[in-house]
């Protein structure tokens, strides 16, 4: 391989997977197992290829640095659960790998044009993935996919308009512009709004609950982890290319408000997948708070490391929670009541993940929240941090409520629970991983650099 292509080695592995999946469709009767193998091998190959990627800047399109490599690791690792839970359909495999490829392109974007290419490459397959996945009414999935498409189209339009305004003032599509005037700041604001659309920040979240509820649980896990990590990176890249003090002032309060809003709405939900969708909205608020702290600290690498740790922990927690739904087929909290008596292992793993999502020690969720809050306090953001802490306390109402449903309520029906092997393995792996993430760093002092 040409050394100049080394930065794109992970993306090349994913592109090969896309073409391989499309090639499977040319076979008369392709076996689903080959689609599953390909869906798993391509992200694994991308993870392995990260070892040969040398950090550096290849102008004008590609910029590979430490945070780019870290973000790619979270994105590709977060995509693996869907690969193991996928039905092996050649089209869905190609869509899944295509969306992951778009996230990889976004991670190495060196200017605004490459950011837009990565954004669209990530988004277009995701719309079709939502429309094709799931076992519910087809009309509901199509409605959610159309809503997702229009939200994505609006985000893309905002980004293009903002990029045009930024270029009109600075004459640049990359970093290095002088202090921005009114036109440039308006452009940067629109580009940041596009990123917040993708993350699901309030009030730009209107598409998220319906989309997350309509898709298959394993697809929703992918959307809430890898896609959210890519959208957060999108926001970080916009700030990196066009820094402005307003980000450090606005984003922390927006993130804290989003966290509280999502937690309050989740309290009212009966359907499990919709509840976890609003839970995802609350966690998105903490991510935005972390980005705001990073911007306010002038790009402090410790703040970015805390943000990456949070994304990694959330990838384990969210993928595991949705794998539980995929493995058991449970849809409502009433079906969850007394479930521990019928499936002790799955209930125990799900309970661990719920404790982690709520930030209960000694799980990885607790450590991740603690570090994000600490970086926000270092940035002088006591008000937003306090509001986000209140949101975390509110979230315990539904996380611990689901644990109570499983262990202390009487079963509502006598149906035999289904168990699907692949999602069950993902559930167990994520539960173990989130405990190790919380305990091992504390024992070995691996996070010493994040403390004061």
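Residue numbers (the numbering used here): 1 to 452.
Built from N, CA and C at the ideal position, the CB exists for glycine as well.
Since the structure is predicted, the reported quantities are computational estimates derived from the model, not experimental observations.
Pairwise C-alpha distance: residue 14 and residue 343: The residue you call residue 343 lines up with position 343 of the chain shown. The residue you call residue 14 lines up with position 14 of the chain shown. If I take the Cα positions, the gap works out to 37 Å.
Given that a residue counts as buried once 16 or more other Cβ atoms are within 10 Å of its Cβ, and exposed if not, what is residue 270? On the chain shown, position 270 is the one that residue 270 refers to. Looking at its Cβ environment, which holds fewer than 16 other Cβ atoms inside 10 Å, residue 270 is exposed.
DSSP-derived helix/strand/coil call for residue 340: Here residue 340 corresponds to residue number 340 of the chain shown, with the count starting at 1. If DSSP states are grouped into helix, strand and coil, residue 340 belongs with the helices.
Check for me: the beta strand (DSSP E) holding residue 360 runs from which residue to which? Reading the chain shown from its first residue, position 360 is the one you call residue 360. From DSSP, residue 360 is part of no beta strand (DSSP E); its letter is neither H nor E.
Any chance the stretch 305-324 sits against the stretch 389-406, with 3 or more Cβ pairs inside 8 Å? For the pair of segments examined, the stretch 305-324 was found not to touch the stretch 389-406: the number of CB pairs separated by less than 8 Å stays below three.
Which runs of the alpha helix (DSSP H) at least 4 residues long sit entirely within the stretch 164-249? Give them in chain order. The qualifying runs are 182-199, 208-214 and 217-241.
Please go through the same chain and pick out, in chain order, the residues whose beta-carbon is closer than 6 Å to the beta-carbon of residue 451, but skip the five residues on each side of it. Stepping through the chain shown from its first residue, residue 451 is reached at position 451. Its pLDDT being 48, under 50, residue 451 is placed unreliably in this model, and the coordinates cannot settle the point.
I'd like the span of the alpha helix (DSSP H) that includes residue 405, first residue to last. Indexing the chain shown from 1 puts residue 405 at position 405. For residue 405, the enclosing alpha helix (DSSP H) starts and ends at 382-408.
Cα separation between residue 74 and residue 311? Counted from its first residue, the chain shown places residue 74 at position 74. Counted from its first residue, the chain shown places residue 311 at position 311. For residue 74 and residue 311, the distance between alpha carbons rounds to 7 Å.
Closest by C-alpha distance to residue 37, when choosing among 325, 204, 126 and 80: For this step, residue 37 is matched to residue 37 along the chain shown. Ranking 325, 204, 126 and 80 by CA distance to the CA of residue 37 puts 80 first.
What does the Cβ neighbour count give for residue 437, buried or exposed, with the cut at 16 atoms within 10 Å? As a first step, residue 437 is located in the chain shown; it is residue number 437 there, counting from the start. Buried is the call here.
Under 6 Å Cβ to Cβ from residue 187, same chain only, skipping five residues before and after it: list those, please. What you label residue 187 is simply residue 187 of the chain shown in a count that begins at 1. Close CB contacts of residue 187 within its chain, under the 6 Å cut and outside five residues either way in sequence, are with 162, 165 and 166 (chain order).
Please report the Cβ distance between residue 90 and residue 22, rounded to the nearest whole angstrom; I am assuming they are in contact, meaning their Cβ atoms lie under 8 Å. In the chain shown, the residue the question calls residue 90 occupies position 90. In the chain shown, the residue the question calls residue 22 occupies position 22. Right, their Cβ atoms sit about 7 Å apart.
Is any non-hydrogen atom of the ligand ATP found closer than 7 Å to the C-beta of residue 40, if you look at the structure I gave you? As presented, the structure is devoid of all ligands, the ligand ATP included, so that no description of it is given.
Exposed or buried, residue 459, counting other C-beta atoms within 10 Å across all chains shown (16 or more means buried)? Nothing can be reported for residue 459, as the shown portion of the chain is limited to 1 through 452.
Counting only the same chain and skipping the five closest in sequence on each side, list residues whose C-beta sits under 6 Å from that of residue 380. Position 380 of the chain shown, counting from 1, holds the residue named residue 380. Closer than 6 Å at the Cβ level, and outside the excluded window around residue 380, lies no residue.
Since I believe residue 191 is in contact with residue 238 (beta carbons under 8 Å), could you give me their beta-carbon distance rounded to a whole number of angstroms? Your numbering for residue 238 matches position 238 in the chain shown. Your numbering for residue 191 matches position 191 in the chain shown. Their Cβ separation, rounded to whole angstroms, is 5 Å, which keeps residue 238 and residue 191 in contact under 8 Å.
Does DSSP put residue 109 in a helix, in a strand, or in coil? Taking the chain shown and counting its residues from 1, the one referred to as residue 109 is at position 109. It is a strand residue.
So if DSSP puts residue 271 in a beta bridge, which residue, or which two residues, is it bridged to? Here residue 271 corresponds to residue number 271 of the chain shown, with the count starting at 1. 332.
So what does DSSP say about residue 90, is it helix, strand or coil? Position 90 of the chain shown, counted from the start, is the residue given in the question as residue 90. In the three-state DSSP reduction, residue 90 falls in the helix class (H, G or I).
Please identify the residue among 281, 397, 256 and 400 whose C-alpha is closest to the C-alpha of residue 220. Within the chain shown, numbered from 1, the residue matching residue 220 stands at position 220. Residue 281 is the option with its Cα nearest to residue 220.
Beta-carbon proximity list for residue 253, same chain, < 6 Å, skipping 5 on both sides: On the chain shown, position 253 is the one that residue 253 refers to. Cβ contact annotation for residue 253 (same chain, cutoff 6 Å, sequence separation greater than five): 384, in chain order.
Distance, Cα to Cα, residue 16 vs residue 285? Here residue 16 corresponds to residue number 16 of the chain shown, with the count starting at 1. Here residue 285 corresponds to residue number 285 of the chain shown, with the count starting at 1. Each residue's alpha carbon lies about 35 Å from the other.
Using a threshold of 8 Å, state whether the C-beta atoms of residue 175 and residue 241 are closer than that. For the purposes of this step, residue 175 is taken as residue 175 along the chain shown, with counting starting at 1. For the purposes of this step, residue 241 is taken as residue 241 along the chain shown, with counting starting at 1. Contact flag set, yes.
Nearest residue (CA-CA) to residue 121, options 139, 133, 245 and 153: Looking up residue 121 in the chain shown gives position 121. Comparing Cα-Cα distances from residue 121 to each of 139, 133, 245 and 153, the minimum goes to 153.
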